[in-house]
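Peer 1: Sequential numbering of the first sequence, starting at 8, is according to this note's numbering.
Idealized CB from N, CA, C, for every residue including glycine.
If you're wondering where the values come from, they're calculated on a predicted model, not measured in any experiment.
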Amino acid sequence: MRRYQDQQRLAYQHEAPVNWCPALGTVLANEEVQDGKSERGSHPVERIPLRQWLLRITAYGDRLATELDNLNWPESIKLMQRNWIGRSEGAEVDFYIGSGEWTGNVDAISSFPYRGLFGPYGVPSAYPVTDEYPKVLRDFIAWMHHVARSGFPREPGDDVLRIYTTRPDTLFGVTYMVLAPEHPAVDRLTTAGQRAAVDEYRQQASFKSDLDRTELAKTKSGVFTGGYAINPVNGEKVPVWIADYVLISYGTGAIMAVPGHDERDFEFADKYGIEIRCVVDPGDQLLLQSYSPGEKPLSKEAARQAVLEGKVVYSSPGFAVNSGRQYTGLSTADFKSKITTDLANAGLGRKAVNYRLRDWLFSRQRYWGEPFPLWHELDANGQPTGLLRVDAESALPITLPEMADFKPTGTPEPMLSKAPESWLYKTAPDGTKLKRETNTMPQWAGSCWYYLRFVDNKNAAAFIDPQLEKQWLPIDLYVGGAEHAVLHLLYSRFWHKVLFDRGHVHTAEPFQRLVNQGMILGEVEFTALRWIESQRWVTAEEFLGGELITPSGVEKTESARLSPDQVAKKGEGWVVKDHPDVVVDCRAYKMSKSRGNVINPDSVVENYGADSLRLYEMFMGPLEAVKPWSMQGVEGVSRFLARVWRTITDDRADDVRLNPAVQDTTPAEPQLRLLHKTIKAVTHDFDTLGFNTSISRLMEFMNEVTNWSVRPISIMRPFVLLLSPLAPHIAEELWQLLGGTTTLAFESWPTFDPKLVEDAVIDVPVQINGKLRAKITVDAKADQATIEAAARREDSIISQLEGKTVVKVVYVPGRLVNFVVK
RNA sequence: GCCGAAGUGGCGGAAUGGCAGACGCGCAGGAUUCAAAAUCCUGUAUCCUUUACUGGGUGUGUGGGUUCGACUCCCACCUUCGGCACCA
Numbered sequence: 008m009r010r011y012q013d014q015q016r017l018a019y020q021h022e023a024p025v026n027w028c029p030a031l032g033t034v035l036a037n038e039e040v041q042d043g044k045s046e047r048g049s050h051p052v053e054r055i056p057l058r059q060w061l062l063r064i065t066a067y068g069d070r071l072a073t074e075l076d077n078l079n080w081p082e083s084i085k086l087m088q089r090n091w092i093g094r095s096e097g098a099e100v101d102f103y104i105g106s107g108e109w110t111g112n113v114d115a116i117s118s119f120p121y122r123g124l125f126g127p128y129g130v131p132s133a134y135p136v137t138d139e140y141p142k143v144l145r146d147f148i149a150w151m152h153h154v155a156r157s158g159f160p161r162e163p164g165d166d167v168l169r170i171y172t173t174r175p176d177t178l179f180g181v182t183y184m185v186l187a188p189e190h191p192a193v194d195r196l197t198t199a200g201q202r203a204a205v206d207e208y209r210q211q212a213s214f215k216s217d218l219d220r221t222e223l224a225k226t227k228s229g230v231f232t233g234g235y236a237i238n239p240v241n242g243e244k245v246p247v248w249i250a251d252y253v254l255i256s257y258g259t260g261a262i263m264a265v266p267g268h269d270e271r272d273f274e275f276a277d278k279y280g281i282e283i284r285c286v287v288d289p290g291d292q293l294l295l296q297s298y299s300p301g302e303k304p305l306s307k308e309a310a311r312q313a314v315l316e317g318k319v320v321y322s323s324p325g326f327a328v329n330s331g332r333q334y335t336g337l338s339t340a341d342f343k344s345k346i347t348t349d350l351a352n353a354g355l356g357r358k359a360v361n362y363r364l365r366d367w368l369f370s371r372q373r374y375w376g377e378p379f380p381l382w383h384e385l386d387a388n389g390q391p392t393g394l395l396r397v398d399a400e401s402a403l404p405i406t407l408p409e410m411a412d413f414k415p416t417g418t419p420e421p422m423l424s425k426a427p428e429s430w431l432y433k434t435a436p437d438g439t440k441l442k443r444e445t446n447t448m449p450q451w452a453g454s455c456w457y458y459l460r461f462v463d464n465k466n467a468a469a470f471i472d473p474q475l476e477k478q479w480l481p482i483d484l485y486v487g488g489a490e491h492a493v494l495h496l497l498y499s500r501f502w503h504k505v506l507f508d509r510g511h512v513h514t515a516e517p518f519q520r521l522v523n524q525g526m527i528l529g530e531v532e533f534t535a536l537r538w539i540e541s542q543r544w545v546t547a548e549e550f551l552g553g554e555l556i557t558p559s560g561v562e563k564t565e566s567a568r569l570s571p572d573q574v575a576k577k578g579e580g581w582v583v584k585d586h587p588d589v590v591v592d593c594r595a596y597k598m599s600k601s602r603g604n605v606i607n608p609d610s611v612v613e614n615y616g617a618d619s620l621r622l623y624e625m626f627m628g629p630l631e632a633v634k635p636w637s638m639q640g641v642e643g644v645s646r647f648l649a650r651v652w653r654t655i656t657d658d659r660a661d662d663v664r665l666n667p668a669v670q671d672t673t674p675a676e677p678q679l680r681l682l683h684k685t686i687k688a689v690t691h692d693f694d695t696l697g698f699n700t701s702i703s704r705l706m707e708f709m710n711e712v713t714n715w716s717v718r719p720i721s722i723m724r725p726f727v728l729l730l731s732p733l734a735p736h737i738a739e740e741l742w743q744l745l746g747g748t749t750t751l752a753f754e755s756w757p758t759f760d761p762k763l764v765e766d767a768v769i770d771v772p773v774q775i776n777g778k779l780r781a782k783i784t785v786d787a788k789a790d791q792a793t794i795e796a797a798a799r800r801e802d803s804i805i806s807q808l809e810g811k812t813v814v815k816v817v818y819v820p821g822r823l824v825n826f827v828v829k
């Protein structure tokens, strides 16, 4: 009972190889490791076995994947999460291995007249089994008989290898099996003759880091264990190998290998000379996906022939061949569903779902981080008994102890194990000695629920008031970076669902709409290659060589930065101004310390002010686009804000006072029109998150206003309101100057009068065959006949229409007139 | 290799299928100034044409298509950026 409960818990301890990062002094979750390096700081990550805390996020894998569907998120982020979760459907199948000791005439197994799962004579036990067959075959038949009656066992027995496959339709194409090197059945299967080789391979595999495994992904390696298993669908004996291309942490850590229809298996079988058997006929379709290493593309029919002969791997759907009487001829999809049912009925397999997603490694060895509210029971000798106790709610939150030194030591020992004894130990009322859990939570623990706490952050009785939760959540719009796609944005969805299941929040999803702001890159850089020794530029011609042979030997190149006035545009690209044959690379890079292109916002604030920084970031381009930084761009918006300031204040006065041109008068109609058009445009742009265009609207407004000798207060006040979300500090000051008595944060957003945004006369472009030939100015309410007639009066139109026949006139009300002529 | 996003002046970028290049930067010329900074004004895709800021051609990565009309929609390709990468 206790063990079953522990198997279901959302938080559990588990000993397994984990991502240990010595430089950060902590273990990391899979999501925090990229290309074998830490996501923060790019430090090397090793795999070492450690007992760690995990959160059972895989239990939510299905919901985390399917409930993405109704969210208003970028499709690319949804896809990244779905790929990371990596749900796949297939089947688990047991391959019989018996005790592992196969004595007697084992070759006879393959000549045994096996007729498939449900041949006309029923299960294999219907065949006469005599002593001439080896013991393992008799055991196999007895086992088949047994599982046919008792059903597929919940947990695999020691006498089978349980595999997971998404292609049960290729069971007849199995020519070997592969276990992960760490698989528990390896010992039992390894024969005396193969023992040394197997042990050596396992040893090597255990030292390989994730990075090594990826780097070596090009070439497969493995070792034959010497052992065999029996394929349940045809009774064949199948050699069992170990190889590190099979991962212990996915599926069952064991696979059936079908080299005819799986590229990895094909590569492996090709290398080790294992039989490749075709069981899927591609027919006349999808042959483009077939793959033939090191050879020229084949014609359609030749490619099909190569697949059928097992010379080329084919992993797409098709029609079954060589798959026994019941299955041959079936389409891949039909085959899958039929054999899955048949296997289940025979107790040999079952439908199964697997996830690429792994449980979330949730403990860290750093000092900073929330301590776990857990105590380990200690026995009389001070050793942990393995039993845990949980802190009472009243003891929460657990605060970190005061420690003089809390820098990471570079060992996996948690920092808190050096905490003062008073913090570390206590005795329970029943006399049991207890020691605190000394791991801490990762930084994600806080970001998983901060948005809930923000709503009600002073509440001492609950983490959020249920009424407030109902009122404020879910979050309508969440702006965040795409780099959190499979980190924070996945983790917090998981926590939110747990809270939802327990009734603490009323929606299953925390963030309704997600917008990814694009990354800001460093300033654009010009770089060109230079020979290190001679410091000469590498010309386009030399570049193809890559190395220069000089009297002193081989000369290498380095890349060097150029200033904008050293380069010139030439055709599509850039070249060095003084050496037009030297190609210059022009692009912006991700900000990084190592590249030295980091822009510190503090120094921008210091030089230009927080409003300029904010306004520039909004003005750079679309919110979601990746954009390079430009100091000159900051200067531009800074100039705009200065112009706004001078337009409203008197810059010749010593103190801050209103510009004499700003007066409390009735605005003229053109002034009102400009204001209302601006209100309309800015409001629209805010709704669509088009902040860059809303700022250009404000700039256009300003370009007009600076020409006005009288600037009515009733025009300037709404303008300041429009500006305030983008440049709040300067807006606030101007607001007060314009007579605002309280902060403009409490003012309501200005509205526009529809009558004032329509013009009385409009310019209508006139096209001939879709080309612009003239523009006419007409009354906004003019009808088609009037506009067409006016267009025909234009000189340029008259001359263009001369001698031609108007076939058709396209008129788009208020937009354009187009004469189609012959 | 697989998946996703994006390609428009010297640069960042703008354009419900309807005037391509708004707005800003940069650059050039001018005003102001003893001078400079700051500020203000004018011009600024490209080629041809004209006494004329005249008129015309070309032009939104490449090639096709749909349409009266395409930066925008469809097909194929190229390039760049981002993500994943033995997941059976």
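#1: His736 to Gln524, Cα distance in whole Å?
#2: When burial is assigned at 16 or more other CB atoms within 10 Å of the CB, is Phe753 buried or exposed?
#3: What residue ranges within the region 707 to 762 form continuous alpha helix (DSSP H) runs of no fewer than 4 residues, ordered along the chain?
#4: On a CA-only basis, which of Leu315, Ala192 and Val181 is nearest Ile281? Give me that one, please.
#5: Distance, Cα to Cα, Ala426 vs Leu407?
#6: Distance check for Leu459 and Lys465, CA to CA, integer angstroms please.
#7: Determine the contact status of Gly354 and Thr347, defining contact as a CB-CB distance below 8 Å.
#8: For the region 530 to 542 against the region 92 to 99, are there 3 or more C-beta pairs whose distance is under 8 Å?
#9: What three-state label does DSSP hand Asp786 in the structure shown?
#10: Using 8 Å as the threshold, is the region 73 to 89 in touch with the region 145 to 153, meaning 3 or more CB pairs across them?
#11: Answer with buried or exposed for Tyr183, where buried requires no fewer than 16 other C-beta atoms within 10 angstroms of its C-beta.
#12: With a CB to CB cut of under 6 Å and the five nearest residues on each side skipped, what residues in its chain are close to Thr33?
#13: Give a yes or no on whether the C-beta atoms belonging to Asn604 and Glu530 are separated by under 8 Å.
#14: State the Cα-Cα distance for the pair Thr416 and Pro29, rounded to the nearest angstrom.
#15: How big is the Cα-Cα spacing for His50 and Lys44?
#16: Buried or exposed for Val397, please, with buried defined as at least 16 other CB atoms from any protein chain shown within 10 angstroms of its CB.
#17: Measure the beta-carbon distance from Pro289 to Tyr321 and round it to whole angstroms, keeping in mind my assumption that it falls under 8 Å.
#18: Could you check the C-alpha separation between Gly376 and Val40 for me, to the nearest Å?
#19: Decide if Arg58 is buried, meaning its Cβ has at least 16 other Cβ atoms within 10 Å, or exposed.
#20: So Leu741 and Asp366 are supposed to be a Cβ contact under 8 Å. How far apart are they, rounded?
#21: Quick one: give me the first and last residue of the beta strand (DSSP E) that Val574 is part of.
#22: Could you give the C-beta distance for Lys819 and Asn776, rounded to a whole number, given that I count them as a contact under 8 Å?
#23: Give the single residue among Leu475, Lys811, Leu763 and Tyr19 whose Cα lies nearest to the Cα of Arg680.
#24: Val247 lies in the beta strand (DSSP E); which residues open and close that run?
#25: Cα-Cα, which of Tyr11, Asn77, Tyr67 and Arg47 is closest to Phe518?
#26: What residue ranges within the region 63 to 88 form continuous alpha helix (DSSP H) runs of no fewer than 4 residues, ordered along the chain?
#27: Bridge partners for Ala433 per DSSP, in chain order?
#28: Quick check on DSSP: helix, strand or coil for Phe159?
#29: With respect to the alpha helix (DSSP H) encompassing Glu38, which residues constitute its N-terminal and C-terminal limits?
#30: Beta carbon of Trp636, beta carbon of Leu528: below 8 Å?
#31: Who does Leu168 pair with in a DSSP beta bridge?
#32: Which same chain residues end up closer than 8 Å to Arg271 when comparing Cβ atoms and leaving out the 5 residues on each side of it in sequence?
#33: Hey, would you say Leu364 sits closer than 8 Å to Thr65, going by beta carbons?
#34: Evaluate Asn614 with the Cβ neighbour count: other Cβ atoms within 10 Å of its Cβ, from every protein chain shown; 16 or more gives buried, anything less gives exposed.
#35: Quick one: is Asn361 buried, meaning 16 or more other Cβ sit within 10 Å of its Cβ, or exposed?
#36: Which parts of the region 768 to 820 are runs of the beta strand (DSSP E), unbroken and 3 residues or longer, counting only runs that do not cross its ends?
Peer 2: Considering the structure as presented:
#1: As a working mapping, residue 736 is identified with position 729 in the first sequence. As a working mapping, residue 524 is identified with position 517 in the first sequence. If you take the alpha carbons of His736 and Gln524, they lie about 23 Å apart.
#2: Reading the first sequence from its first residue, position 746 is the one you call residue 753. Exposed is the call here.
#3: List check, alpha helix (DSSP H) in window: 720 to 730 and 735 to 744.
#4: On the first sequence, residue 281 is found 274 positions in, with the first residue counted as 1. Nearest of Leu315, Ala192 and Val181 to Ile281, Cα basis: Val181.
#5: Here residue 426 refers to the residue found at position 419 when the first sequence is read from its first residue. Here residue 407 refers to the residue found at position 400 when the first sequence is read from its first residue. Distance between the alpha carbons of Ala426 and Leu407 is about 9 Å.
#6: Here residue 465 is taken as the residue at index 458 of the first sequence, counted from 1. Here residue 459 is taken as the residue at index 452 of the first sequence, counted from 1. Linking Lys465 to Leu459 through their CA atoms gives a straight-line distance of about 12 Å.
#7: Looking up residue 354 in the first sequence gives position 347. Looking up residue 347 in the first sequence gives position 340. Going by C-beta atoms, Gly354 is not nearer than 8 Å to Thr347.
#8: no
#9: Taking the first sequence and counting its residues from 1, the one referred to as residue 786 is at position 779. Note: Asp786 maps to strand in three-state DSSP.
#10: no
#11: In the first sequence, residue 183 corresponds to position 176, counting from 1. The residue in question, Tyr183, is buried, as its Cβ has 16 or more Cβ neighbours within 10 Å.
#12: The residue you call residue 33 lines up with position 26 of the first sequence. So the list reads Arg371, Gln372 and Arg373, once near-sequence residues are dropped.
#13: Start at 1 with the first residue of the first sequence, and residue 604 comes out as number 597. Start at 1 with the first residue of the first sequence, and residue 530 comes out as number 523. Against a cut-off of 8 Å, the Cβ pair of Glu530 and Asn604 comes out as a contact.
#14: Residue numbering aside, residue 416 sits at position 409 when the first sequence is read from its first letter. Residue numbering aside, residue 29 sits at position 22 when the first sequence is read from its first letter. The alpha-carbon atoms of Thr416 and Pro29 are separated by roughly 9 Å.
#15: Looking up residue 50 in the first sequence gives position 43. Looking up residue 44 in the first sequence gives position 37. Near 5 Å, if we compare the C-alpha coordinates of Lys44 and His50.
#16: As a position in the first sequence, residue 397 is number 390, starting the count at 1. The residue is exposed, with fewer than 16 neighbouring Cβ atoms inside 10 Å.
#17: Taking the first residue of the first sequence as 1, we reach residue 289 at position 282. Taking the first residue of the first sequence as 1, we reach residue 321 at position 314. The Cβ separation is near 5 Å, so the contact holds.
#18: In the first sequence, counting from the first residue as 1, residue 376 sits at position 369. In the first sequence, counting from the first residue as 1, residue 40 sits at position 33. Distance between the alpha carbons of Gly376 and Val40 is about 19 Å.
#19: On the first sequence, residue 58 is found 51 positions in, with the first residue counted as 1. Counting Cβ neighbours within 10 Å, Arg58 comes out exposed, since fewer than 16 surround it.
#20: Mapped onto the first sequence, residue 741 falls at position 734. Mapped onto the first sequence, residue 366 falls at position 359. About 55 Å; that fails the 8 Å criterion.
#21: Position 567 of the first sequence, counted from the first residue, corresponds to residue 574. Per DSSP, Val574 belongs to the beta strand (DSSP E) from Val574 to Lys577.
#22: Residue 819 sits at position 812 when you count from the first residue of the first sequence. Residue 776 sits at position 769 when you count from the first residue of the first sequence. Going by the sequence as given, residue 819 is Val instead of Lys. Not confirmed; about 16 Å, so no contact.
#23: On the first sequence, residue 680 is found 673 positions in, with the first residue counted as 1. When each option's Cα is compared against that of Arg680, the closest is Leu763.
#24: Within the first sequence, numbered from 1, the residue matching residue 247 stands at position 240. Val247 -> beta strand (DSSP E) spans Lys244 to Ala250.
#25: One-based indexing of the first sequence puts residue 518 at position 511. Among Tyr11, Asn77, Tyr67 and Arg47, the Cα nearest to that of Phe518 belongs to Asn77.
#26: 68 to 73
#27: On the first sequence, position 426 is the one that residue 433 refers to. In the sequence as displayed, the identity of residue 433 is Lys instead of Ala. Partner(s): Leu441.
#28: Position 152 of the first sequence holds residue 159. In the structure shown, Phe159 sits in coil (DSSP, three-state: anything other than H, G, I, E or B).
#29: If you number the first sequence from 1, residue 38 lands on position 31. Element bounds for Glu38: n/a, residue is neither H nor E.
#30: For the purposes of this step, residue 636 is taken as the residue at position 629 of the first sequence. For the purposes of this step, residue 528 is taken as the residue at position 521 of the first sequence. Yes; because the gap between Cβ atoms is below 8 Å, this pair is in contact.
#31: Residue numbering aside, residue 168 sits at position 161 when the first sequence is read from its first letter. Paired residues: Phe102.
#32: For the purposes of this step, residue 271 is identified with residue 264 of the first sequence, where counting begins at 1. Lys227 and Tyr252, listed in sequence order.
#33: In the first sequence, counting from the first residue as 1, residue 364 sits at position 357. In the first sequence, counting from the first residue as 1, residue 65 sits at position 58. Their beta carbons are under 8 Å apart, which means Leu364 touches Thr65 by this criterion.
#34: Translated into positions along the first sequence, residue 614 becomes position 607. By the neighbour-count rule (16 or more Cβ atoms within 10 Å), Asn614 is not buried but exposed.
#35: Here residue 361 refers to the residue found at position 354 of the first sequence. Buried, because 16 or more other Cβ atoms sit within 10 Å of the Cβ of Asn361.
#36: Taking 3 residues as the minimum length, the beta strand (DSSP E) runs contained wholly in the region 768 to 820 are 768 to 775, 778 to 786 and 813 to 819, in order along the chain.
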